[in-house]
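J.:
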Amino acid sequence: AIFSKPGSLGCLYDTCTSSLLYRPTEFKTYIGMVLGRPNLLREITYGNMRVSSVGAAVRFVDGSILVQRRSKAVTHAKNMLDSSVGGFCTLTPTGAIDPSVALKEKLDRELRIGLEDIVSVRLTGVHSSSFPDLSGMCSYVVDTSLEPHSLSQRTNDKYIGESYVIPHDTLPEFIVKHY
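Taking our numbering as reference, the numbering of the sequence shown is continuous, increasing by one, and the terminal residue is 183.
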């Protein structure tokens, strides 16, 4: 559905003011750049693509953190290790980019986590990622009231191929070993 909506994504343009400014872009432009050969276009073109996206580390009640391996069926970064949830931040019905709306949609879609499961949500940063992600991402930490064992009933296999519950104190080792 996102492919058929011209201008339905944003490209992070400016963070110099107290707000995030986006220019319109679309999925076919983004995916053409990502799936094309690196360095096919001028370097500045890749640097200017910062597709609007959100990502979050989801923490369970015991402090452990979910890390996922993306499904083999997704369009981009198939079978790669990733944050707990993430994806595009599309335009809202009013035509705005609202990362908090996108985050709630990803939590529900990928992990079936609703507002009743969320203890807190904190924005931890806004950053741009280079090739192959080419994203302008708002990153969050989402604390939940969930136990880690509840994950198996919640995970949406369409988006998440495999999941790992990592104790907070071993997360740095996991990152160094796997990334």
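Even for Gly, the Cβ is constructed at its ideal location relative to N, Cα and C.
Please read all numbers here as calculations on a predicted model, not as lab measurements.
From the DSSP output, read off the bridge partner residues of Pro-28.
T.: Within the sequence shown, residue 28 is the residue found at index 24, counting from 1. Paired residues: Gly-14.
J.: The beta strand (DSSP E) that contains Thr-128, what's its start and end?
T.: Position 124 of the sequence shown, counted from the start, is the residue given in the question as residue 128. Where Thr-128 is concerned, the enclosing beta strand (DSSP E) stretches over 122-132.
J.: In or out: Asn-183 buried (at least 16 other Cβ within 10 Å) or exposed?
T.: As a working note, residue 183 is residue 179 in the sequence shown. With the sequence shown as reference, residue 183 is identified as Tyr, and Asn is not the correct amino acid for it. So Tyr-183 ends up on the exposed side.
J.: Under 7 Å Cβ to Cβ from Ser-87, same chain only, skipping five residues before and after it: list those, please.
T.: Numbered from 1 along the sequence shown, position 83 holds the residue referred to as residue 87. Here the set comprises Gly-59, Ala-60 and Ala-61.
J.: Apart from the five residues just before and just after Ser-133, which ones in its own chain have a Cβ nearer than 7 Å to its Cβ?
T.: In the sequence shown, residue 133 corresponds to position 129, counting from 1. For Ser-133, where only same-chain residues beyond five positions count, the Cβ hits under 7 Å are Ser-139 and Met-141.
J.: Compare the C-alpha of Leu-115 against each of Leu-150, Tyr-17 and Ile-170 and name the closest.
T.: Counted from its first residue, the sequence shown places residue 115 at position 111. Out of Leu-150, Tyr-17 and Ile-170, Leu-150 has the C-alpha closest to the C-alpha of Leu-115.
J.: Alpha carbon to alpha carbon, what distance is there between Gly-90 and Ser-57?
T.: Residue mapping note: residue 57 aligns to position 53 of the sequence shown, counting from 1. Residue mapping note: residue 90 aligns to position 86 of the sequence shown, counting from 1. Straight-line Cα distance between these residues: approximately 7 Å.
J.: Which ranges does the alpha helix (DSSP H) cover as unbroken runs of at least 4 residues, wholly within the segment 46-97, from first to last along the chain?
T.: For the segment 46-97, whole alpha helix (DSSP H) runs of length 4 or above, ordered along the chain, are 47-52.
J.: On the three-state DSSP scale, how would you describe Ser-22?
T.: One-based indexing of the sequence shown puts residue 22 at position 18. Ser-22 falls in the coil class under three-state DSSP.
J.: Enumerate in chain order the residues of its own chain whose CB-to-CB distance from Ser-75 is below 8 Å, with the five nearest sequence positions on each side excluded.
T.: For the purposes of this step, residue 75 is taken as residue 71 along the sequence shown, with counting starting at 1. These residues qualify, in order along the chain: Lys-82, Asn-83, Asp-161, Lys-162, Tyr-163, Ile-164 and Gly-165.
J.: Nearest CA to the CA of Arg-158: which residue from Val-125, Gly-118 and Phe-31?
T.: The residue labelled residue 158 in the question sits at position 154 within the sequence shown. Nearest C-alpha to Arg-158: Gly-118.
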